[in-house]
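Comments concern the structure below.
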Amino acid sequence: MDLYRSKSSIVRAVDPIVERLARRGVSPDTVTLAAVPVGLVAGALLLVSPSAPIALLAVPVLAGLRLLLNLLDGALARKTGKIHPRGELYNELGDRLADIAFLAPVAFLPGAHGSIVLLGVTGAVLASLVGVVSRAAGAERIYRGILSKPGRMALLSAFAIAAFAVGPNAWGLFGPLLLAGTILTTVERTFVALRRLP
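Position one of the sequence shown corresponds to residue 1 (the numbering used here), numbered consecutively onward.
This is how it looks when you write it as structure tokens:
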């Protein structure tokens with residue numbers, strides 16, 4: 001499964017939103033960095049969910065919003081011609097911070113295996129690092145993998161809904177699946193990078 005393969009068709013679908021943002025003078029950097037507070041809100045909702053399970057239902061919405069922002073920032077930058085090196089820094093740093101904000105709070109929830117979840121978060125950051133370093137070394141940026149960013153958000157969303165439906169014990173498998181998926185993604189990206197680099 002590689003959810004990034006459908007990215008181009010989804011980008012075309014959000015063209016009207018990009019047009020409105022461009023007309024209103026919204027900066028692509030603003031859209032990029034907006035994913036961080038979205039992640040912080042999602043993380044806060046996860047942390048309060050043991051006493052307010054209804055908060056879990058907002059997590060998939062926020063995960064979807066994060067992915068939408070990720071599509072919009074690049075499309076808006078291309079539309080407005082506001083592509084610059086600093087935007088790349090904002091994008092990569094914002095992505096890592098948003099990942100941590102979304103995923104790490106699960107480690108502190110009842111039913112979750114905290115240390116395994118945190119290892120999975122580390123794996124997510126490492127997988128992203130391999131993708132970025134591939135381009136820095138002279139190849140293309142690598143997005144593929146079973147737990148690329150869309151996959152991670154889909155996994156979190158599914159478990160948030162499951163935890164709301166059946167209780168906190170649903171989180172028990174989240175850490176192992178996150179860790180296994182991010183390890184596989186890191187390994188896949190590493191092999192792809194090695195094939196592409198001289």
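All C-beta atoms, glycine included, are put in the ideal place defined by N, C-alpha and C.
Burial state of residue i (16 or more Cβ within 10 Å)
{"i": "Pro-28", "result": "buried"}
{"i": "Arg-281", "result": "There is simply no residue 281 to check, as the chain begins at 1 and stops at 198 in what is shown."}
{"i": "Asn-70", "result": "buried"}
{"i": "Ile-142", "result": "buried"}
{"i": "Gly-181", "result": "buried"}
{"i": "Val-38", "result": "buried"}
{"i": "Ser-148", "result": "buried"}
{"i": "Asp-73", "result": "buried"}
Same chain, Cβ closer than 8 Å to residue i, neighbours up to 5 away in sequence not counted
{"i": "Gly-111", "result": "Ala-163, Gly-167, Pro-168, Asn-169, Ala-170, Trp-171, Gly-172"}
{"i": "Glu-140", "result": "Ser-134, Arg-196"}
{"i": "Leu-56", "result": "Leu-45, Leu-46, Ser-49, Ala-160, Ile-161, Ala-163, Phe-164"}
Where the alpha helix (DSSP H) containing residue i begins and where it ends
{"i": "Asn-70", "result": "58 to 80"}
{"i": "Tyr-90", "result": "85 to 103"}
{"i": "Gly-199", "result": "Nothing about residue 199 can be reported from this structure: the residues present for the chain run from 1 to 198 only."}
{"i": "Arg-141", "result": "Unbroken run through Arg-141: none, as it is neither H nor E."}
{"i": "Ala-42", "result": "35 to 48"}
Nearest-angstrom beta carbon gap, residue j and residue i [assumed within contact, 8 Å]
{"i": "Gly-145", "j": "Ala-127", "result": "6 Å"}
{"i": "Val-36", "j": "Ala-101", "result": "7 Å"}
Nonlocal neighbours in the same chain, by C-beta distance under 6 Å from residue i, ignoring five residues either side
{"i": "Ile-83", "result": "Ala-77"}
{"i": "Ala-137", "result": "Leu-197"}
The ligand COA heavy atom lying under 7 Å from the CB of residue i
{"i": "Ser-134", "result": "With respect to the ligand COA, the structure shown offers nothing to examine, as it has no ligands at all."}
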